[in-house]
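The structure appears below as structure tokens.
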Amino acid sequence: SSTQITVPSPMIVKVEDDVTLPVRITGSFSFLKWYRELQGTDVNDMIAAIDAAGIVGLGTQYTGQEELLGNNSLLIQNVLTNYTSSYTVEIQFDFDRQYSIRIISYSIELQSISKTQLYCSENGNGMKSINLIIVMSHNANAGVTRIWVVNNRSISDIDRIQLSSGNKTLTISNVSRTDSGIYQCVAHNPIRISSSDEITLKV
């Protein structure tokens, strides 16, 4: 019997995504256990285990979001910030009563937000009818919140300022002197905040 794995380490996942920690086993085994390292310690505690008869046992680290798949890989559903940890699968083989243990370790990290950039464009004829469009560009992560600020104060859909769905684009219709200021976009998820460079608008 042998154990083969094809998995990058660490595994980079998005907040609230599902992730599978795969293990491929050819042949039979006596016992297989999945562990999660306790936060801030070097201690592993069991999530789930299965024996040669297919009987599954659940450990103290089982939360209801883990599932032991038919091929003995571990599915973790709806990954949250407290799931960034080390995971270990321990496989015990019994070759003619001579025991052999294989241990494979994984780690999970949450995907961060890349540097936010702003792009500015204008359309219209003459200053009085100009529409100013500021677009934020960064990788489209799930679970990202975007906030626009001008002169360090948050802005929302008011008067001539419109925000697109997801707040990726800010549009100012009929730009006037009162729109002068320093514009910036801040994107954040549960693990990181990314602020764009500032754009100064002078009217």
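Under the UniProt record's numbering, the first residue of the sequence shown carries the number 1, and numbering increases by one thereafter.
Just so it is clear, CB atoms sit at the ideal spot from N, CA and C, and this is done for glycine as well.
Using the C-alpha atoms, what's the distance from Ser164 back to Ile103? 49 angstroms
From this set, Lys202, Ile12 and Asn167, which residue's C-alpha is nearest Ile178's C-alpha? Before going on, a small fix: residue 178 reads as Thr here, not Ile. Residue Lys202 is the option with its Cα nearest to Thr178.
If you count every other CB in all the chains shown that lies within 10 Å of the CB of Val89, and 16 or more means buried, which is it? Val89 is buried by the Cβ-count criterion.
Beta strand (DSSP E) segment containing Ser154, residue limits: Arg153 to Ile155
Can you check DSSP and say which residues form a bridge with Tyr83? Within the DSSP bridge table, the entry for Tyr83 names no partner.
For Ile182, count neighbouring Cβ atoms within 10 angstroms of its own Cβ and tell me buried if that reaches 16, exposed if not. exposed
Minimum C-alpha distance to Gly64 - residue among Ala48, Glu37 and Ser194: Ala48
From Cys185, Gln61, Gly57 and Gln92, pick the residue whose C-alpha is nearest to that of Gly166; which is it? Cys185
Taking the C-alpha atoms as reference points, what is the distance between Gln61 and Tyr106? In this structure, the straight-line span from the alpha carbon of Gln61 to that of Tyr106 is close to 16 angstroms.
What residues match up with Val150 in a beta bridge as DSSP calls it? Arg153 and Tyr183
What three-state label does DSSP hand Asn44 in the structure shown? strand
Go ahead and pull the three-state DSSP assignment for Gly166. helix
Val79 and Asp17 look like a contact to me (Cβ under 8 angstroms); what is the Cβ gap, rounded to whole Å? 6 angstroms
8 angstroms contact criterion, which Val19 and Ile91 should meet: CB distance rounded: With 8 angstroms as the limit, Val19 and Ile91 do not qualify as a contact, their Cβ atoms being about 20 angstroms apart.
Just how far apart, CA to CA, sit Ser154 and Ser195? When rounded, the distance between both Cα atoms is 13 angstroms.
Could you name the residues of the same chain whose beta carbon sits closer than 7 angstroms to that of Tyr83, not counting the 5 residues immediately before and after it, in chain order? Ile76 and Ile108
Given a threshold of 16 other Cβ atoms within 10 Å of its Cβ, counted over all protein chains shown, does Asn44 qualify as buried or as exposed? buried
Closer than 6 angstroms by C-beta to Glu37: which residues in its own chain qualify, once you throw out the five before and the five after it? Chain order, please. Asn44, Ser85 and Ser86
Going straight from the alpha carbon of Ser28 to that of Ala52, what length do you get? Rounded to the nearest angstrom, the two C-alpha atoms are 7 angstroms apart.
To the nearest angstrom, how far is the alpha carbon of Asp94 from that of Ser30? If I take the Cα positions, the gap works out to 6 angstroms.
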